[in-house]
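To start, the structure under review is shown below, and the notes come after it.
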Amino acid sequence: MSGLRAEARVALAIARKDAVAELRGRHAAVSTLFFAGVVLLLFGFALGPDAARLAAAAPGLLWLAVVFAGILAVSRLHLLETEDDALEQLALYPVARRAIYAGKALGGFAVMLVLGLVVLAAVGILFAVDIGAAWPALVVTVVLGALGVAGVGTFYAGVTVRMRAREVMLPLLVLPVLAPLLLGAVKATAAALAGDPFGELGAWLQLLVAFDVIMLVAGAATYGFLLED
Amino acid sequence: MPQTTIYVSPRSLGAPDSRPPAVETFELARLFAGSAALAGVSLRIDGGRAVALLGPNGAGKTTLLRVLATIIRSSYGTARVDGLDVVRDADLVRGRVAYLSHATGLYDDLTARENLDFAATLLGTGDRRARVERALADVGLADRAGDRVRAFSAGMRRRLALGRILLGSASLVLLDEPYAALDVEGMELVDRLLAAWREVGVTVLVASHATERLTEHLDGSVVLDRGLVVETSGVGVASAAPTLASPSPRSAEATR
Chain F
-4 MSGLRAEARV
6 ALAIARKDAV
16 AELRGRHAAV
26 STLFFAGVVL
36 LLFGFALGPD
46 AARLAAAAPG
56 LLWLAVVFAG
66 ILAVSRLHLL
76 ETEDDALEQL
86 ALYPVARRAI
96 YAGKALGGFA
106 VMLVLGLVVL
116 AAVGILFAVD
126 IGAAWPALVV
136 TVVLGALGVA
146 GVGTFYAGVT
156 VRMRAREVML
166 PLLVLPVLAP
176 LLLGAVKATA
186 AALAGDPFGE
196 LGAWLQLLVA
206 FDVIMLVAGA
216 ATYGFLLED
Chain C
260 MPQTTIYVSP
270 RSLGAPDSRP
280 PAVETFELAR
290 LFAGSAALAG
300 VSLRIDGGRA
310 VALLGPNGAG
320 KTTLLRVLAT
330 IIRSSYGTAR
340 VDGLDVVRDA
350 DLVRGRVAYL
360 SHATGLYDDL
370 TARENLDFAA
380 TLLGTGDRRA
390 RVERALADVG
400 LADRAGDRVR
410 AFSAGMRRRL
420 ALGRILLGSA
430 SLVLLDEPYA
440 ALDVEGMELV
450 DRLLAAWREV
460 GVTVLVASHA
470 TERLTEHLDG
480 SVVLDRGLVV
490 ETSGVGVASA
500 APTLASPSPR
510 SAEATR
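For the protein sequence lines, the chains are F and C, in the order given. At position 147 of the first sequence (counting the first as 1) the number is 142 in the working numbering, and the numbers step up by one without a gap. Count along the second sequence from 1, add 259, and you get the number used in the working numbering.
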């Protein structure tokens, strides 16, 4: 088996394992979807009943809910590895460390993608935003945003997984790093919903692509150090 | 539990005389918060030998196993497995070492079969499905293969972790208290595994307090106390740093 094929196989096995454990244990999905729903409702209450105001704030609310809930989801996926010290066992396998990162990030991406699409639909319903015409661009934005959150979240979940205060430390570390992604995703979503009147959608999507590539490459290159004690 | 011969993968290790020692450490030390868990351990264990690692709690047995398994790094000194440095050549060492720790590293929401299948995929085991079924049968869990590990007792988890070792083709097996949590059948399983590994020339290092039980399966012993070797039997003591004697294969390739 060639190196890259072997690594892809390892990554898929890890992602599949996470997906099976998630489907059976409901570690991430239920709690994060519920959390995202609560975040949206609270922001909605805070902004008041003005429909125009809510619609204008919808892109920002969408991505704040996705990012907050996404951090929780990726963290929960990493907690699977703390059961009976499974992370230590994972580190013992004779496989490339970047394949382990890719597998964990892929599992996180799958959860993030579902989360992003559900929250997008919820925003459309709760804030009376018409996402019908803009859906292709919105889906692309959600895919790129989900990939970035999963990539960064997986890396920092690895950093904090052995910490006692990991629930506090993870958002503290991740949120500043995700600032460019948040900016790009909110701007791309707003542009898509408005019909891209200024032709800026492509530029914001390019920012998301660049962010994802840089973060995934950096995460893959350095994740191995996190597995060492 | 079936009493047929347990299948353990033999490794192609070359002629015995040409092999480097299976384990070689020189002045190996590991500090935890300023306290030395290992305080300068020098050992040489030849390939194919089964050696007990003995000593009281806190003697450094687990720390030594974890350094050899590449889980933790030493603070000072060197350690080699089959001539490979455990820090510099960690990727290659992982392909040669199997480690049973206190924790089993299993996933509660996966079944026993799924846990072994996952391990076999990451180990690159050929004929994966057949090997997984064989391993499940060998550790006496074939009839519970479809059950989630969450429902397993500590002893069953231990057996499953032993089954995971059978999926690989390690030349060095490190066992930390392998008899812990096992019933009589489980202990006999460990005995049979030790015999099987010995038969195919796999080196085994066992940290255990069950010295009487181990005696008939082992070729030697090392007694540790407070991070130091206080007694050896059938085991060499490394007298020179192995890094000075022979560069690692990877390093040798790099200089060509």
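Where a beta carbon is used, it is the ideal one built from N, C-alpha and C, also for glycine.
Which residues in chain F have a C-beta closer than 7 Å to the C-beta of residue i? List them in chain order.
i      : result
G486/C : Within chain F, no residue comes near G486/C; the closest Cβ sits about 17 Å away, beyond 7 Å.
Y358/C : L87
G336/C : Those do not exist, as G336/C stays about 17 Å from chain F at its closest Cβ, beyond 7 Å.
T363/C : D79
F285/C : Per Cβ cutoff of 7 Å: no residues; F285/C is ~21 Å from chain F at best.
G354/C : P89
F377/C : A8 and K12
Given that a residue counts as buried once 16 or more other Cβ atoms are within 10 Å of its Cβ, and exposed if not, what is residue i?
i       : result
R303/C  : buried
Q84/F   : buried
H361/C  : exposed
A81/F   : buried
L199/F  : One point to set straight first is that residue 199/F is Trp, not Leu, in the sequence displayed. Buried: at least 16 other Cβ atoms inside 10 Å.
M158/F  : exposed
N316/C  : exposed
L18/F   : exposed
G(-2)/F : exposed
Y266/C  : exposed
A128/F  : exposed
R0/F    : exposed
P171/F  : exposed
A394/C  : buried
A384/C  : Going by the sequence as given, residue 384/C is Thr instead of Ala. Buried, because 16 or more other Cβ atoms sit within 10 Å of the Cβ of T384/C.
V489/C  : exposed
R388/C  : exposed
Name the chain C residues whose beta carbon is nearer than 7 Å to that of residue i?
i     : result
A16/F : Y366, D368 and L369
Y96/F : Under the 7 Å cutoff, chain C gives no residues; its nearest Cβ is about 14 Å from Y96/F.
G20/F : D368
E2/F  : What E2/F touches in chain C: nothing, since even the nearest Cβ is about 11 Å away.
Counting only the same chain and skipping the five closest in sequence on each side, list residues whose C-beta sits under 7 Å from that of residue i.
i      : result
F206/F : G143, P175, L176 and G179
V208/F : none
T321/C : D435 and A466
A186/F : E195, L196 and W199
L453/C : A309, V463 and H476
Y366/C : N374 and V408
Along the chain, where does the alpha helix (DSSP H) that runs through residue i open and close?
i      : result
T149/F : W130 to T155
A185/F : A174 to L188
L426/C : A413 to L426
A51/F  : A46 to L74
Y218/F : L196 to L221
R372/C : A371 to L382
A521/C : With chain C running from 260 to 515 in the structure shown, residue 521/C is simply not present.
Please compile the residues from chain F whose C-beta is within a distance smaller than 8 Å of the C-beta of residue i.
i      : result
L289/C : The question names Leu, but residue 289/C is Arg in the sequence shown. Here the premise fails: no neighbours, minimum Cβ distance about 10 Å.
G422/C : Correct list: empty, because the minimum Cβ distance to chain F is about 13 Å.
E373/C : K12 and V15
Which residues in the same chain as residue i place their Cβ atom closer than 8 Å to its Cβ, once the five residues preceding and following it in sequence are excluded?
i      : result
T217/F : F150
F30/F  : F63, A64 and L67
R93/F  : E2, A215, A216, Y218 and G219
L400/C : A371, M415, R418, L419 and G422
Which residue comes first and which comes last in the beta strand (DSSP E) that contains residue i?
i      : result
T337/C : Y335 to V340
L569/C : Within the shown structure, residues of chain C are numbered from 260 to 515, placing residue 569/C beyond reach of any answer.
V356/C : V356 to L359
For residue i, which residues of its own chain have a beta-carbon under 6 Å away from its beta-carbon, when the five flanking residues on both sides are left out?
i      : result
G299/C : E286 and A288
A513/C : Because A513/C carries a pLDDT of 36, less than 50, the predicted location of this residue cannot be relied on, and no value is offered for it.
L16/F  : The sequence shown places Ala at residue 16/F, rather than the Leu named in the question. Closer than 6 Å at Cβ, skipping near neighbours: L75.
A215/C : Chain C is shown only over 260 to 515; residue 215/C falls outside these bounds and no answer can be derived.
P54/F  : V181, T184 and A185
G336/C : F285, E286, L287 and A288
R161/F : T155
Quick one: list the residues of chain C neighbouring residue i, beta-carbon separation under 8 Å, in chain order.
i      : result
E162/F : None at all; the shortest Cβ gap to chain C is about 21 Å.
V5/F   : T380 and L381
V154/F : Chain C residues near V154/F: none, gap ~18 Å exceeds 8 Å.
E83/F  : I330, S360, A362 and G364
A100/F : In chain order: nothing, as chain C lies at least about 17 Å away.
Under 9 Å between beta-carbons, which chain C residues line up against residue i? List them in chain order, please.
i      : result
L75/F  : Y366, D367 and D368
E223/F : T329, I330, I331, R332 and A349
A180/F : Correct list: empty, because the minimum Cβ distance to chain C is about 32 Å.
Determine whether the Cβ of residue i lies closer than 8 Å to any Cβ atom of chain B.
i      : result
A183/F : Among the protein chains in the structure shown, which are F and C, there is no chain B.
Using only the heavy atoms of the ligand GDP, determine whether one of them is closer than 7 Å to the beta carbon of residue i.
i      : result
G194/F : In terms of ligand content, the structure shown is empty, and the ligand GDP therefore cannot be addressed.
**Item:** Residue ranges of each alpha helix (DSSP H) within the region 441 to 491 of chain C, 4 or longer
**Value:** Segments of the alpha helix (DSSP H) lying fully in the region 441 to 491 of chain C: 443 to 458 and 470 to 473.
**Message:** Threshold first: 4 residues or longer. Then list the alpha helix (DSSP H) segments lying entirely within the region 282 to 328 of chain C, N to C.
**Reply:** As far as the region 282 to 328 of chain C is concerned, its whole alpha helix (DSSP H) runs of at least 4 residues are 320 to 327.
**Message:** If we require 4 or more residues per run, which alpha helix (DSSP H) segments fall completely within the region 69 to 112 of chain F?
**Reply:** Within the region 69 to 112 of chain F, the complete alpha helix (DSSP H) runs of at least 4 residues are 81 to 87.
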